[in-house]
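Student:
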Amino acid sequence: MRNLEVNDIVESVKEIQIFLGTEWLSDELKKLNSQKPNKNPRKHNFLRKKITYHPFALTWKNALKQLDLCLEKKRLIVSHDLLQVVVLGSYFSRLKFIKLVNSEGEMVGTSIQELKKRFKNPDEYDNVKYELQIASVYSFNYNTNFVKTASKKTPDLYIKLDNSMIQIECKKKEDMSKRDKTNKLHWDELAIKTLNFMTESDINYLSIIRFEKDPSDVSAKKCLSYTIDLLKEQKEGVFKHKLGFSVELKKIAENDEILTSSFTEDFKREEYFESEYVSFQSNEEGISKNSLIKNPKIICFKSKELPDRVNSVIRTIRKAKKQLRSDLPGIIYIEINPNNFQPQDFDILERKIKEHFSDSINAVVLTKAPDIKINDEFGQYTHKSQVILNEKCKLTLPEKFEIIGTSKNKASN
Numbered sequence: 394m395r396n397l398e399v400n401d402i403v404e405s406v407k408e409i410q411i412f413l414g415t416e417w418l419s420d421e422l423k424k425l426n427s428q429k430p431n432k433n434p435r436k437h438n439f440l441r442k443k444i445t446y447h448p449f450a451l452t453w454k455n456a457l458k459q460l461d462l463c464l465e466k467k468r469l470i471v472s473h474d475l476l477q478v479v480v481l482g483s484y485f486s487r488l489k490f491i492k493l494v495n496s497e498g499e500m501v502g503t504s505i506q507e508l509k510k511r512f513k514n515p516d517e518y519d520n521v522k523y524e525l526q527i528a529s530v531y532s533f534n535y536n537t538n539f540v541k542t543a544s545k546k547t548p549d550l551y552i553k554l555d556n557s558m559i560q561i562e563c564k565k566k567e568d569m570s571k572r573d574k575t576n577k578l579h580w581d582e583l584a585i586k587t588l589n590f591m592t593e594s595d596i597n598y599l600s601i602i603r604f605e606k607d608p609s610d611v612s613a614k615k616c617l618s619y620t621i622d623l624l625k626e627q628k629e630g631v632f633k634h635k636l637g638f639s640v641e642l643k644k645i646a647e648n649d650e651i652l653t654s655s656f657t658e659d660f661k662r663e664e665y666f667e668s669e670y671v672s673f674q675s676n677e678e679g680i681s682k683n684s685l686i687k688n689p690k691i692i693c694f695k696s697k698e699l700p701d702r703v704n705s706v707i708r709t710i711r712k713a714k715k716q717l718r719s720d721l722p723g724i725i726y727i728e729i730n731p732n733n734f735q736p737q738d739f740d741i742l743e744r745k746i747k748e749h750f751s752d753s754i755n756a757v758v759l760t761k762a763p764d765i766k767i768n769d770e771f772g773q774y775t776h777k778s779q780v781i782l783n784e785k786c787k788l789t790l791p792e793k794f795e796i797i798g799t800s801k802n803k804a805s806n
């Protein structure tokens, strides 16, 4: 990808103004600017009129300020919001190549009016952005069409290739659920206090804590004291507690014993853990398999039910399946926030996804929310994805068609 220039930003701003309309953008900025913070939230809060503004308004406002700064300084100064505007403008610029079709694939007009209406709806904004992202990338190589919603059995996109049609459904996952957030708080506190105790006691253990159901404040507190009591006696084995959890302990190294970092491979299990914490000491800056370390400690947690971040993806696939036709090959795209996931989640996700494949699903593509890195004059906006293929699908994709998101094409970079 070539370096970003100020002219790219100006062009993207124009694309957005053309698509959304300067009047609508101006109105949303007025709503945003009139939303003043309540300096005393305890006083007369019920009298304040709640003014809502579109979520894009803040991005737009900050990007315009940053553009003014670039023009004033006569050089590019990249910001997160500015880069988002450039990317969104690039999506809008592709709309002239994307048509609107009905459920049978027959053209019914341009996609602009339908998308504009949905984009301006705050409840649909994030989903429309994701659909635009997938559609714009496919439009460079294929005849790409948005599908006019007519029933529950309607995908988001049709890709036409020769005499074939591929259906695509796009889903964007919400942020971490309340349940996952609560569990993470418990896991973090248990891990930190247990690791601190092991450090103070000069002992190195693998600790695996399993809950029969999600931990509560009471059971988490009891689990911590129970684990520390076991560590004080330097016990090993599996110890069950009546509150519905068990603690498995294994000594993995003597104090200050020198090991290579690859030793952790000896303790890997096929069992899935919701959270894993690893601590060790090393004098080396970069850690490789042969790095010398000492005082390693490993803590793993799990509850009986899978975390929502995994289950919600499976529920999304079930929902998406209902929107796909049974007579066409199909691909489901799901955007997830990588900050909410653990590395081990993707292995179990792949297994679970394959269990929910049907004859009309050729692949599920997990796309990670864009990774945006800013360094003054340089902005990097990358997408990463994981393609999970259905090798047993009875409906085959056209030979000339390539799934966007595989390592061979740009979308995976």
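Counting in the numbering used here, the sequence shown runs from 394 upward without gaps. Ideal placement from N, C-alpha and C gives every residue a C-beta, glycine not left out.
1) Only counting the same chain, and skipping five residues up and downstream in sequence, which positions put a Cβ closer than 8 Å to that of Asn704?
2) So, using beta-carbon positions, are Ile505 and Leu790 closer together than 9 Å?
3) Is Tyr523 helix, strand or coil by DSSP?
4) Are the CB atoms of Lys793 and Leu550 within a distance shorter than 9 Å?
5) If you scan the region 683–762 from start to end, which runs of the alpha helix (DSSP H) of 4 or more residues do you find wholly inside it?
6) Around the C-beta of Thr760, are 16 or more other C-beta atoms found within 10 angstroms, so that it is buried, or is it exposed?
7) Do you know offhand how far Lys714's Cα is from Lys745's?
8) Just to confirm the assignment, what range does the beta strand (DSSP E) spanning Gln560 have?
9) Hey, how far is the Cα of Gly502 from the Cα of Val521?
10) Pairing CB atoms from the region 587–605 with CB atoms from the region 621–635, are three or more of them under 8 Å?
11) Using the beta-carbon count (16 or more within 10 Å), is Ser529 buried or exposed?
12) Alpha carbon to alpha carbon, how far is Asn569 from Cys463?
13) Along the beta strand (DSSP E) that carries Thr592, what are the first and last residues, could you check?
14) Apply the 10 Å Cβ neighbour rule to Ser532 and answer buried if 16 or more other Cβ atoms are within range, or exposed otherwise.
15) Give me the Cβ distance between Asp701 and Arg572, rounded to the nearest whole Å; I'm assuming they're in contact under 8 Å.
16) Pull the bridge partners of Ser672 from the DSSP assignment, please.
17) What does a CB cutoff of less than 6 Å around Lys565 pick up in its chain, not counting 5 residues either side in sequence?
18) In three-state DSSP terms, what is Arg603?
19) So what's His634 in DSSP terms, helix, strand or just coil?
20) Taking DSSP's pairing of strands, which residues face Glu641 in a bridge?
21) Pick out whichever of Glu663, Ser751 and Leu508 has its Cα sitting closest to the Cα of Arg711.
22) Sort Thr709, Phe734 and Gly637 by Cα distance to Lys574 and report the nearest one.
23) For the alpha helix (DSSP H) that Leu508 lies in, which residues bound it at each end?
24) Please report the distance separating the alpha-carbon of Ser684 from that of Glu650.
25) Buried or exposed for Ala543, please, with buried defined as at least 16 other CB atoms from any protein chain shown within 10 angstroms of its CB.
26) For Ile797, is the classification buried or exposed, using 16 other Cβ atoms within 10 angstroms of its Cβ as the cut-off for buried?
27) Given a cut-off of 9 Å on the beta-carbon distance, is the pair Leu525 and Leu481 in contact?
Tutor: Taking the definition as stated:
1) Once the five neighbours on either side are set aside, the close Cβ partners of Asn704 are Glu698.
2) no
3) helix
4) no
5) 701–716 and 738–748
6) buried
7) 15 Å
8) Ser557 to Lys565
9) 18 Å
10) yes
11) buried
12) The displayed chain sequence assigns Met, not Asn, to residue 569. Their backbone Cα atoms lie some 36 Å apart in a straight line.
13) DSSP places Thr592 outside any beta strand (DSSP E); the residue lies instead in the alpha helix (DSSP H), whose first and last residues are Lys571 to Ser594.
14) buried
15) 5 Å
16) Lys690
17) Asp519, Asn520, Tyr523 and Glu728
18) Arg603 sits in a strand when the DSSP states are folded into three classes.
19) strand
20) Ile601 and Val631
21) Ser751
22) The shortest Cα separation from Lys574 among Thr709, Phe734 and Gly637 belongs to Phe734.
23) Ile505 to Phe512
24) 14 Å
25) exposed
26) buried
27) In contact: Leu525 and Leu481 (Cβ atoms closer than 9 Å).
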